[in-house]
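In this note's numbering, each residue's number is its place in the sequence shown (first place is 1) plus 377. Just so it is clear, CB atoms sit at the ideal spot from N, CA and C, and this is done for glycine as well. Every value quoted in this text rests on a predicted model; they were computed, and no experiment measured them.
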Amino acid sequence: SRVFIGNLNTAIVKKGDIEAIFAKYGKIVGCSVHKGYAFVQYMSERHARAAVAGENARIIAGQPL
């Protein structure tokens, strides 16, 4: 299951940062970062839902996700 992370300041936040933040919710099987957004893919939907619930509206690099 894939999680979309929007409103991301990719000039500051890098792939390793995203992986470090989102790894606590489950095994990440893929992570891609693009200008202003990223995707994190988990092994299970349960992990993806936990990540959305836990990180929605979190402030990273001065911007809410």
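- For Arg423, the secondary structure class from DSSP, reduced to helix, strand or coil, is helix.
- Contact check for Leu442 against Asn384 passes: the beta carbons are separated by less than 8 Å.
- Residue range 392-399 is occupied by the alpha helix (DSSP H) that includes Ile395.
- The closest CA to that of Ser378, considering only Tyr414, Gln440, Gly439, Arg426, is found on Arg426.
- CA-CA distance, Ala415 to Ala430, rounds to 17 Å.
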